[in-house]
Amino acid sequence: TAGQQRLESGDMPPQLRQMLNAPAYALAEVRLLVVSASPKGVVFIDENTEIELLPEYQEPQDARRTDVTYDDLGGLGDTIDQLREMVELPLRYPELFERLGVDPPKGVMLHGPPGTGKTRLARAVANESEAEFFLINGPEIMGSAYGESEKKLRDIFEEAAKAAPSLL
C-alpha cells in the first residue's frame, strides 16, 4: 500500500518511522485521528487508500462536529425532549424567554447509576446547543489540602464562564 511504500522509502520523520516499526507489545497506545478526508464525509478505506501520517498531532478543524449528537443516543427520546426544552432552547433562543417574560432554568442535574448515558447525553446537548462541554469527575476535583477542592471547582467554573455558553 501507499503507507508501506512510504515507510520503506524512508519518506517520513524518523520518530514516526521508529514508532511504526516498534513491536506491538512495546506500544501502550497509538492514536490515529482522521484530520481530513477527500472526498468529504464518510469514506471507505481499502488497500488503495492513500494515508498521510503527519509528524505532529493535529487537532481536527471542527472537533465539536465529530462529537456526540442526539442521533447517537437510542431509547432516550423523552429525556432528550426535556433537555432540549430546558437547556438547548434557552441557549439558542434567549429572546423567546424574554418576550414571554419567563426565566429559563438556571441549571439541570442529570443523575442515575453509572453507565446509563448521563455524560454522553450531556455531551450531545452541548454539541447540539453549540456550547462548550466541561466534564468534572469527582475524584479529579478532590484535594488533600484545605480549600484545594473548592479552588479547583472555582477554576473550572471561571474557565466555563469565559467559554460561555458552557455545560458542566
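So the sequence shown is numbered by the working numbering: it starts at 151 and just counts up by one.
Note that the Cβ used here is the ideal one computed from N, Cα and C, for glycine as well.
Quick caveat: nothing in here was measured; it's all calculated off a predicted structure.
Asked                                                                                              : Found
Span of the alpha helix (DSSP H) around I201                                                       : Element bounds for I201: n/a, residue is neither H nor E.
Residue burial classification, A272 (beta-carbon count within 10 angstroms, cutoff 16)             : buried
Distance, V192 Cα to E202 Cα                                                                       : 17 Å
Local Cβ density within 10 Å of A281, reported as buried at 16 or more and exposed below that      : buried
Counted within 10 angstroms of its Cβ, other Cβ atoms place L204 as buried (16 or more) or exposed : exposed
Backbone secondary structure at R214 - three-state DSSP                                            : Confidence at R214 is low in this model, with a pLDDT of 44, below 50, so its placement is unreliable and the value that follows should be read with caution. In this structure, R214 counts as helix in the three-state DSSP scheme.
The region 249 to 256 / the region 302 to 314 touching (three or more Cβ pairs under 8 Å)          : no
One or two residues paired with S186 in a DSSP bridge                                              : Bridge partners of S186: none, in fact.
Cα-Cα separation, H261 to N198                                                                     : 47 Å
With 16 other Cβ atoms within 10 Å as the buried cut-off, status of T216                           : Annotation note: pLDDT 49 at T216 (below 50); position unreliable, coordinate value reported separately. Label assigned to T216: exposed.
Where F283 falls, given that 16 or more other Cβ within 10 Å makes a residue buried                : buried
Which residues DSSP lists as bridging S316, in chain order                                         : E282
Any chain D beta carbon closer than 8 Å to R270                                                    : Absent from the structure: chain D. Only one protein chain is present.
For D221, three-class secondary structure by DSSP                                                  : helix
Limits of the alpha helix (DSSP H) - the one that E238 falls within                                : It is not in any alpha helix (DSSP H) - E238 carries neither H nor E in the DSSP assignment.
P240 beta carbon less than 8 Å from that of P263                                                   : no
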